[in-house]
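So the structure is just underneath, and the comments pick up after that.
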Amino acid sequence: MDWLITAAARALAAGDPLGALNRVALRDDPPALALRGIAMARLGDLVRAKALLQSAARAFGPKEAVARARCVVAEAEIALVSRDLGWPAKALDAARATLEEHGDRVNAAHARHLEVRRLLLLGRLDEAERALAELNPAPSPPASRAAHELVVAGIAIRRLRTKTARAALARAERAARDADIPALTAEVESAALVLNTPAARLIARGQERLLLLEEVEALLASGALVVDACRYVVRDARTAVSLARRPVLFALARALGEAWPGDAPRSTLVARAFRAKHADQSHRARLRVEVGRLRLELRTLAGVSATKRGFALAPRRASGVVVLAPPVEEPHAAVLAFLADGESWSSSALAIALGASPRTVQRAFDSLAAAGKVQSFGRGRARRWMTPPVPGFTTTLLLPAPPPSG
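Numbering (our numbering), first residue to last: 1 to 406.
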């Protein structure tokens, strides 16, 4: 085997992309192109990296299926980092199958981790867990074990299982230390910060305070009736009722939750649910109809009783009522939450992640840009958006749910 290629590959494995480039920068044979592509990706030049990997994949001969598959996996990782969520997942799956067939278990496992990370980014937690269950990290090298534990922690964070997340991050830290790759160690440290960053706000009896993820987990397991404005759900310890597709009903539930143990005036409910400044007879009639629908939806959790000036919640089993809200609320909070990961996003990729139309996301970007909260670079299809981490947001979307429409 070419000793320069071997030395470059070892440099990349040790987290030294510049050392790898020094050995193959002037070569255009397929293995050198592939290594140069990976090195450029590590240095942040994703456009050049993608082009080099595609050139390498085309240049490898028909008998070099493993080499081509490795290029596909590397290109998939670039797509994930650059938030190209429309990249063909089937190509990655085929590459993983090829690697498994030829006994390259390390790169096959890496391909699986990329698949799981994409599912995680899209909020498809059940699929991510099933895919991850097929992997055994024990025989993998330290860097692969660290990547595995980061995914385990990511799923646990989104499932609100903080003990599981902390244990996985501790294992990831040990594996990253064994790998001795500074970038990987920094990634683990960044992930660990999530558990010490406010994940939500608690609103109860007219007061507010920020909650860490562990406190959110404890709250949902408590005896309280929680109006969850992060996931648009009303729940107690036994039952959860989703109102994600009923925005008017959820607005009423939240207003009633914030007013508990008192009642919410009809004028307040009309303003919150219908965005009307003044309540006329038509609004009052509509309010009665919507309250009746809310009463039906929440019948197992709480009653909704009329008072002289409005309506009040009466929990059936819970000891009290609280509202769980995002740490920062504004019209485009979900967009900002995704951008808070520090990566650059295209409007089409973010539309996939949010389950919204690209045009809706583009309007959100335009509004945020006008307010100086995001910035763009590039033009046309290459245009991307990013922002520094937003104060009050966790560095990933901890409580992902598409906002109700309507």
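Cβ atoms here follow ideal geometry from the backbone N, Cα and C, with glycine treated the same way.
Quick caveat, the model's predicted, so the values are computed rather than measured.
I'd like the ranges of any alpha helix (DSSP H) spanning at least 4 consecutive residues and lying wholly in the segment 302-349.
You should have 333-339.
Among K277, R10, R286, V241, which has the Cα closest to the Cα of A39?
Locating residue 39 in the sequence shown gives position 39, where the first residue counts as 1. Taking the Cα of A39 as reference, the smallest distance to any Cα among K277, R10, R286, V241 is reached at R10.
Candidates R286, L220, L324, of which the one nearest L210 by Cα:
Here residue 210 corresponds to residue number 210 of the sequence shown, with the count starting at 1. Here the closest residue by C-alpha is L324.
Using alpha carbons as the reference points, say which of A229, A128, V335 lies closest to A156.
As a position in the sequence shown, residue 156 is number 156, starting the count at 1. Comparing Cα positions, the closest option is A128.
Helix, strand or coil for W385? Go by DSSP, reduced to three states.
Start at 1 with the first residue of the sequence shown, and residue 385 comes out as number 385. Looking at W385 - three-state DSSP - the assignment turns out to be strand.
Residue ranges of each alpha helix (DSSP H) within the segment 28-92, 4 or longer
Here the runs fully enclosed are 30-42, 46-59, 65-81.
Within the continuous alpha helix (DSSP H) that includes V374, where are the two ends?
Position 374 of the sequence shown, counting from 1, holds the residue named residue 374. Neither: V374 is in no alpha helix (DSSP H) and is coded neither H nor E.
Does the contact criterion of 3 or more C-beta pairs under 8 Å hold for the segment 319-339 versus the segment 272-281?
The way I'd put it, the segment 319-339 doesn't touch the segment 272-281; fewer than three beta-carbon pairs between them come closer than 8 Å.
Take the Cβ of P62 as the centre, count every other Cβ of all protein chains shown within 10 Å, and call the residue buried at 16 or more, exposed below.
If you number the sequence shown from 1, residue 62 lands on position 62. Burial call: exposed.
Which residues in the same chain have their Cβ closer than 7 Å to the Cβ of A191, if we skip the five residues on either side of it in sequence?
Your numbering for residue 191 matches position 191 in the sequence shown. The residues are L150, A153, L169.
Identify whether P198 lies in helix, strand or coil by the three-state DSSP scheme.
As a position in the sequence shown, residue 198 is number 198, starting the count at 1. P198: coil per DSSP, three-state reduction.
Cutting at 6 Å between CB atoms, please list the residues of its own chain near I5, excluding the five before and the five after it.
Start at 1 with the first residue of the sequence shown, and residue 5 comes out as number 5. Excluding positions up to five away in sequence, the list reads P31.
CA-CA distance, R27 and L33?
For the purposes of this step, residue 27 is taken as the residue at position 27 of the sequence shown. For the purposes of this step, residue 33 is taken as the residue at position 33 of the sequence shown. Cα-Cα distance, rounded: 7 Å.
Within the chosen definition, does the segment 342-358 reach the segment 75-84 through at least 3 CB pairs nearer than 8 Å?
Three or more Cβ pairs drawn from the segment 342-358 and the segment 75-84 lie within less than 8 Å of each other, which places the two stretches in contact.
Roughly how many angstroms lie between the CA atoms of A146 and L202, to the nearest whole one?
Within the sequence shown, numbered from 1, the residue matching residue 146 stands at position 146. Within the sequence shown, numbered from 1, the residue matching residue 202 stands at position 202. If you take the alpha carbons of A146 and L202, they lie about 34 Å apart.
Roughly how many angstroms separate the alpha carbons of V72 and R36, rounded to a whole number?
Taking the first residue of the sequence shown as position 1, residue 72 is located at position 72. Taking the first residue of the sequence shown as position 1, residue 36 is located at position 36. Put simply, the backbone Cα of V72 is about 14 Å away from that of R36.
Would you mind stating whether A302 and R316 have Cβ atoms separated by less than 8 Å?
If you number the sequence shown from 1, residue 302 lands on position 302. If you number the sequence shown from 1, residue 316 lands on position 316. Cβ atoms of A302 and R316: closer than 8 Å.
Quick check: the Cα distance between N407 and R130, rounded to an integer number of angstroms?
Residue 407 falls outside the range modelled here, since the chain spans only 1 to 406, and no answer is possible.
Cβ-based neighbour list, P326, same chain, cut-off 8 Å, excluding 5 preceding and 5 following:
Locating residue 326 in the sequence shown gives position 326, counting from the first residue. The residues are A200, R201, A229, C230, A333, A337, L399.
Span separating the alpha-carbon of V233 from that of R295:
The residue you call residue 233 lines up with position 233 of the sequence shown. The residue you call residue 295 lines up with position 295 of the sequence shown. Rounded to whole angstroms, V233 to R295 spans 14 Å at the Cα level.
Compare the C-alpha of Q207 against each of E258, A14, R23, K308 and name the closest.
Here residue 207 corresponds to residue number 207 of the sequence shown, with the count starting at 1. Checking every option, the nearest Cα to that of Q207 belongs to E258.
Start and end residues, beta strand (DSSP E) containing A178:
Position 178 of the sequence shown holds residue 178. Here the sequence assigns Asp to residue 178, which means Ala is not the residue at that position. Element bounds for D178: not the beta strand (DSSP E) but the alpha helix (DSSP H), 162-179.
Confirm, please, whether the CB-CB distance from R166 to L195 is below 8 Å.
Position 195 of the sequence shown, counted from the first residue, corresponds to residue 195. Position 166 of the sequence shown, counted from the first residue, corresponds to residue 166. Cβ atoms of L195 and R166: closer than 8 Å.
Please work out which residues of its chain come closer than 6 Å, Cβ to Cβ, to L119, disregarding the five sequence neighbours upstream and downstream, and give them in chain order.
Position 119 of the sequence shown holds residue 119. Answer for L119: E127, A128, listed in chain order.
With respect to the alpha helix (DSSP H) encompassing R209, which residues constitute its N-terminal and C-terminal limits?
Taking the sequence shown and counting its residues from 1, one reaches residue 209 at position 209. Counting along the chain, R209 falls outside any alpha helix (DSSP H), though it belongs to the beta strand (DSSP E) covering 207-211.
Report the option in K90, D366, L249, A370 whose CA atom is closest to the CA atom of F274.
To locate residue 274, count along the sequence shown from 1; it is residue 274. With distances taken between Cα atoms, F274 lies closest to L249.
Would you mind sorting R159 into buried or exposed? The rule is 16 or more other CB atoms within 10 Å of its CB.
Residue 159 sits at position 159 when you count from the first residue of the sequence shown. By the neighbour-count definition (other C-beta atoms within 10 Å, threshold 16), R159 is an exposed residue.
What are the partner residues of A240, as DSSP defines its beta bridges?
What you label residue 240 is simply residue 240 of the sequence shown in a count that begins at 1. According to DSSP, A240 bridges with R235.
Residue range of the beta strand (DSSP E) that includes D2
For the purposes of this step, residue 2 is identified with residue 2 of the sequence shown, where counting begins at 1. For D2, no beta strand (DSSP E) segment is defined, and its DSSP state is neither H nor E.
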